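A.B. asks:
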Amino acid sequence: MSLTQRFWLVLTAVLVVTVLVLATLGDRLSGVRTPSPASTTTPDGLVRGAPGMGDPYLPEAGGGGYDVQHYDVTVDATLLARELRGSATVTAVARQDLDEFHLDLLLRVGRVSVNGVPARFTQSRDDLAITATRTDPGRPAIASGAAFTVAVDYEGSPEGASLPGTPAYYRTGEDFLIAGEPRAASLWFPVNDHPRDAATMRFAVRVPRGVEAICAGRLTGRGPDPDHPGADRWVWQVDAPTVSYATFLAVGQYRVEQGRTDGRPFVYSVSTRLTAAEQTRALRWLRKTPAAIRKLETHLGPYPFSGMGGFVPSAELNWGGLEVAMNPVYDPRAVGTESLLNHELAHMWFGDTVTLAEWNDMFNNESLTSYAEWLVTTGSSPAVNFDEYYFGSARSDRFWRPALSDPGLNELFVRVYDRGPTVVHALRNRMGDSTFFPFFRSWAQQHGPRSLEDFRRAADEATPEDLTGFFAEWLDQTDRPEPTAENGVPKR
Ligand code: TRP
Ligand code: ZN
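Structural data, given as C-alpha cells:
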C-alpha cells in the first residue's frame, strides 16, 4: 500500500471516528432511547409503525412498518437566504396495518398527504411523524400489503439544520454540498434513512440559470425549467434500488462532461472553483472510471447500474470519498489516487446494491470493497498486504480490536479498511482460489440487504468444510488468530 493510500485511509478513519463520537454524544445528550421496532396501538386505537428502524447503532433512524419503493424529489434551490423548498412523493408498501408512521426530515414541513388525503404530522429533530386520515373510521388508513404514496411539502435551510454530530453540509461561497454517511439525506428530503430500505429515486432540482445541480444517479435532463422561466432544471435518476446514504445534492459552479462509453452514459462533474490545472487533472482522473469498472467486472461480475460518473467539489471533505450511486463523490485532495477510485467504484456492488441489513454489518461494505480494491489496483498485492498486516501487526493490540462483527458506532470505520480485507484474504487462502473467486463474484451479484451472518453462511455453503471456527477467530475475537492453515495463514 502506498503512502498516499495510507494517508487517505488514516485521514478518513480519524475524521469518521470524531464524527461518530460526536454523533453518539449528541444522541445521548438529547436522551434518545431505543424504540421498540414492533408496531403498537395508541389509546385511541390507531396503529403505529415503529418510530425508527431499530438499528442496534442508530435505533431512531428511519421508521418501521413499510418499505419505500421510490422517492420522487423536487427541490427549488433558487430562493434567497440559502433556503430550499421541496416537494417529495414517497411511494411505499405497508408491511403492517398503519395509521401512523415515521420518516426522517430536518426541514420544516408545511403539508403532508397520504394517498392524496391531507394528513396530520408532527416534527421533532429529524423525525417526521405522520398520521394518515382514515377513510373508513373502522379500518386502519393503510392496510398491510397496500401500496401508498406520501406527498410532503417542506422548506428550510439545511445549513442551520443539525443532524446529530454529522457534518454533512459544506459551503464554499454560494456553492453547497450535502453528503455523508451514515446520515445526510434527511437534510434535504423526507426519507426512511436506513440502508435496509433501498429504493429507486428521481431528483429534480431547480437552480438559477447557469448554475449546476449534481445528484446521485444518471443525468436524464438539464436545461430551462419548463415551469419557471429564467431558471434551469437538472434531473437525475437512480433506476436500480439503492440506499439513502449513497445520495447527495450539490448546487454550484461545475464543469460537467457527459458522454457514452462501454454502452453506458457517464457524467463527470468538477468544481470550477478549483484552478484550471486542478480541474483538468480531476477530469483526467475521473475519465479512468470506465476502465476501472471493466477491471472490477472481471472479479465482481456485471456492473449493477445503468450509468456511471464521478464528482469533485472544491470543498475539502471529512473523508476521501463517498460511494454515491453511479456518481461517487471524491475529496479534491484525493484526485489522482487510483486505489480510491477503485474503492468507490467497488462500492457500486458492495454497499449500493448488496446493501447493509444493519450498520453493524459494515464489514460487508468496507472490507469486501477494500479487498476488491486490493485485487485491481496497480502494484497492489493482496498477499503482500496480508503479510504486512497479519505478521506486521502481530504485537499490536489496537489492530485486533474491536471485533469486526460488532465494532460499535464509534469504531465502525476503524478496522474495516485494513484488518477487514486481511480477513477476506485469509478466507481466500482457506477456500482456495477456485472456490473463493466464484463465491466472491456471486456475493457481489446479489441485490438487497445482507447481514454479516448471511455472509458467513454463504461462505460456509460455498465450501464442503465448516467455516464456523474460522469466522469466530477472525470476526468475533479481539486478538490475532493463530497462524494455522485452518485460519488461512500461509506458512512462512
Ligand atoms: N464509505 C466511505 C468510503 O469508504 C467512507 C466514509 C466513512 C464516509 N464514513 C463516512 C464518507 C462519512 C462520508 C461520510 O468510501
Ligand atoms: Zn468504502
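Counting from 0, one number per residue, gives the positions in the sequence shown under numbering that gives the first Met the number 0.
C-beta: ideal position from N, C-alpha, C; glycine also.
Fair warning: this is a prediction, and the values are worked out from it, not measured in the lab.
Compute the distance between the beta-carbons of D493 and S143, then report whether it is under 8 angstroms.
C.D. replies: Shown here, the chain extends from 0 to 491; a query on residue 493 therefore has no answer.
A.B. asks: Tell me which residue opens and which closes the beta strand (DSSP E) that D71 is part of.
C.D. replies: Position 72 of the sequence shown, counted from the start, is the residue given in the question as residue 71. 65-75 is the extent of the beta strand (DSSP E) around D71.
A.B. asks: What are the partner residues of T368, as DSSP defines its beta bridges?
C.D. replies: For this step, residue 368 is matched to residue 369 along the sequence shown. Beta-bridge pairing links T368 to no other residue.
A.B. asks: So, using beta-carbon positions, are V234 and R201 closer together than 8 angstroms?
C.D. replies: Numbered from its first residue, the sequence shown carries residue 234 at position 235. Numbered from its first residue, the sequence shown carries residue 201 at position 202. Yes, Cβ-Cβ distance for V234 and R201 is below 8 angstroms.
A.B. asks: Classify S433: buried if its beta carbon has 16 or more other beta carbons within 10 angstroms, exposed otherwise.
C.D. replies: As a position in the sequence shown, residue 433 is number 434, starting the count at 1. With fewer than 16 other Cβ atoms within 10 Å, it is exposed.
A.B. asks: Sort P166, A290, R133 by Cα distance to N341 and report the nearest one.
C.D. replies: Here residue 341 refers to the residue found at position 342 when the sequence shown is read from its first residue. Nearest C-alpha to N341: A290.
A.B. asks: Please state whether DSSP places Q257 in a helix, a strand or coil.
C.D. replies: Position 258 of the sequence shown, counting from 1, holds the residue named residue 257. Here Q257 sits in strand by DSSP.
A.B. asks: Return helix, strand or coil for G25, following the three-state DSSP convention.
C.D. replies: As a position in the sequence shown, residue 25 is number 26, starting the count at 1. Low confidence applies to G25: its pLDDT is 39, below 50, so where it sits in the model is not reliable, and the reading given next is rough at best. Residue state, collapsed to three classes: helix.
A.B. asks: For the beta strand (DSSP E) containing M430, list its first residue and its last residue.
C.D. replies: If you number the sequence shown from 1, residue 430 lands on position 431. Careful: M430 lies outside any beta strand (DSSP E), inside the alpha helix (DSSP H) at 418-430.
A.B. asks: Only counting the same chain, and skipping five residues up and downstream in sequence, which positions put a Cβ closer than 7 angstroms to that of T260?
C.D. replies: The residue labelled residue 260 in the question sits at position 261 within the sequence shown. Here the set comprises P289.
A.B. asks: Nearest to F439 by CA position, among W473, F385, S366, is which residue?
C.D. replies: Here the question's residue 439 lines up with position 440 in the sequence shown. Out of W473, F385, S366, S366 has the C-alpha closest to the C-alpha of F439.
A.B. asks: Do F247 and A178 have their CB atoms nearer than 8 angstroms?
C.D. replies: For the purposes of this step, residue 247 is identified with residue 248 of the sequence shown, where counting begins at 1. For the purposes of this step, residue 178 is identified with residue 179 of the sequence shown, where counting begins at 1. Result yes, Cβ atoms of F247 and A178 sit closer than 8 angstroms.
A.B. asks: To the nearest angstrom, report how far apart V237 and G85 are at their CA atoms.
C.D. replies: In the sequence shown, counting from the first residue as 1, residue 237 sits at position 238. In the sequence shown, counting from the first residue as 1, residue 85 sits at position 86. Straight-line Cα distance between these residues: approximately 18 angstroms.
A.B. asks: T39 to T132, Cα distance in whole Å?
C.D. replies: Within the sequence shown, the letter at position 40 stands for residue 39. Within the sequence shown, the letter at position 133 stands for residue 132. So the alpha carbons of these two residues sit roughly 17 angstroms apart.
A.B. asks: Does the Cβ of F390 have 16 or more other Cβ atoms within 10 Å, making it buried, or fewer, making it exposed?
C.D. replies: By one-based count along the sequence shown, residue 390 stands at place 391. The residue is exposed, with fewer than 16 neighbouring Cβ atoms inside 10 Å.
A.B. asks: Which first and last residues belong to the alpha helix (DSSP H) in which T288 is found?
C.D. replies: Sequence index remark: in the sequence shown, residue 288 carries index 289 (1-based). Per DSSP, T288 belongs to the alpha helix (DSSP H) from 288-299.
A.B. asks: Closest to G222 by C-alpha separation, out of T88, C214, A239, V204, would be which residue?
C.D. replies: Taking the first residue of the sequence shown as 1, we reach residue 222 at position 223. Residue V204 is the option with its Cα nearest to G222.
A.B. asks: Relative to the ligand TRP, is the shortest distance from any of its heavy atoms to the C-beta of H321 smaller than 7 angstroms?
C.D. replies: Taking the first residue of the sequence shown as position 1, residue 321 is located at position 322. For clarity, residue 321 is Leu in the given sequence; the question names His instead. Yes, since a heavy atom of the ligand TRP falls inside the 7 angstroms radius drawn around the Cβ of L321.
A.B. asks: State yes or no: is the C-beta of E365 nearer than 7 angstroms to some heavy atom of the ligand ZN?
C.D. replies: Here residue 365 refers to the residue found at position 366 of the sequence shown. Flag set: Cβ of E365 near the ligand ZN.
A.B. asks: Classify E99: buried if its beta carbon has 16 or more other beta carbons within 10 angstroms, exposed otherwise.
C.D. replies: Residue numbering aside, residue 99 sits at position 100 when the sequence shown is read from its first letter. Its Cβ being crowded by 16 or more others within 10 Å, E99 is buried.
A.B. asks: Output needed for S379: all residues of its chain with C-beta closer than 8 angstroms, excluding positions within five of it in sequence on either side, in chain order.
C.D. replies: Locating residue 379 in the sequence shown gives position 380, counting from the first residue. Once the five neighbours on either side are set aside, the close Cβ partners of S379 are M0, S338, E372, W373.
A.B. asks: DSSP on H101, reduced to helix/strand/coil?
C.D. replies: The residue labelled residue 101 in the question sits at position 102 within the sequence shown. Strand.
A.B. asks: Could you tell me which uninterrupted alpha helix (DSSP H) segments, each at least 4 residues in length, are contained entirely in the segment 381-416, listed from first to last along the chain?
C.D. replies: Taking only runs of at least 4 residues, the alpha helix (DSSP H) segments lying wholly in the segment 381-416 are 381-391.
A.B. asks: Rounded to whole angstroms, what is the Cα-Cα separation between V149 and L127?
C.D. replies: Here the question's residue 149 lines up with position 150 in the sequence shown. Here the question's residue 127 lines up with position 128 in the sequence shown. Taking the straight line from one Cα to the other gives about 12 angstroms.
A.B. asks: Return the chain-ordered list of same chain residues with a C-beta closer than 8 angstroms to the C-beta of R280, the five sequence neighbours on each side being excluded.
C.D. replies: One-based indexing of the sequence shown puts residue 280 at position 281. Same-chain partners within the cutoff: V334, G335.
A.B. asks: Compare the C-alpha of A443 against each of N409, D351, D478 and name the closest.
C.D. replies: Stepping through the sequence shown from its first residue, residue 443 is reached at position 444. Of the candidates N409, D351, D478, the one whose C-alpha sits nearest the C-alpha of A443 is D351.
A.B. asks: Give the single residue among E154, F469, P194, E343 whose Cα lies nearest to the Cα of L79.
C.D. replies: Taking the first residue of the sequence shown as position 1, residue 79 is located at position 80. For L79, the nearest C-alpha among the options comes from E154.
A.B. asks: Please say whether E180 and Y244 have beta carbons closer to each other than 8 angstroms?
C.D. replies: By 1-based counting over the sequence shown, the position of residue 244 is 245. By 1-based counting over the sequence shown, the position of residue 180 is 181. Yes, the Cβ-Cβ distance between Y244 and E180 is below 8 angstroms.
A.B. asks: Look up W473 in the DSSP assignment and give the residues it is bridged to.
C.D. replies: Walking along the sequence shown from the start, residue 473 turns up at place 474. Looking at the DSSP assignment, W473 forms no beta bridge with any residue, so it has no partner.
A.B. asks: T219 lies in the beta strand (DSSP E); which residues open and close that run?
C.D. replies: Within the sequence shown, numbered from 1, the residue matching residue 219 stands at position 220. Start and end: 217-223.
A.B. asks: Between T368 and the ligand ZN, is there a pair consisting of the residue's CB and a ligand heavy atom that are separated by less than 7 angstroms?
C.D. replies: Residue 368 sits at position 369 when you count from the first residue of the sequence shown. True, at least one ligand heavy atom lies under 7 angstroms from that Cβ.
A.B. asks: Following a CB-centred definition, is H342 positioned closer than 7 angstroms to any heavy atom of the ligand ZN?
C.D. replies: Residue 342 sits at position 343 when you count from the first residue of the sequence shown. Checking the Cβ of H342 against the ligand ZN gives yes.
A.B. asks: Go ahead and pull the three-state DSSP assignment for L106.
C.D. replies: Position 107 of the sequence shown, counted from the start, is the residue given in the question as residue 106. In the structure shown, L106 sits in coil (DSSP, three-state: anything other than H, G, I, E or B).
A.B. asks: Just the Cα atoms here: how many angstroms apart are S519 and R449?
C.D. replies: Since the displayed the chain opens at 0 and closes at 491, residue 519 lies outside it and no answer follows.
A.B. asks: Could I get the ranges of all uninterrupted beta strand (DSSP E) runs contained in the segment 305-381, with 3 residues as the minimum, in chain order?
C.D. replies: Counting whole runs of 3 or more residues, the segment 305-381 contains the beta strand (DSSP E) stretches 307-311, 353-355.
A.B. asks: When every heavy atom of the ligand ZN is checked, does at least one fall within less than 7 angstroms of the C-beta of H101?
C.D. replies: The residue you call residue 101 lines up with position 102 of the sequence shown. H101 Cβ: outside cutoff for every heavy atom of the ligand ZN.
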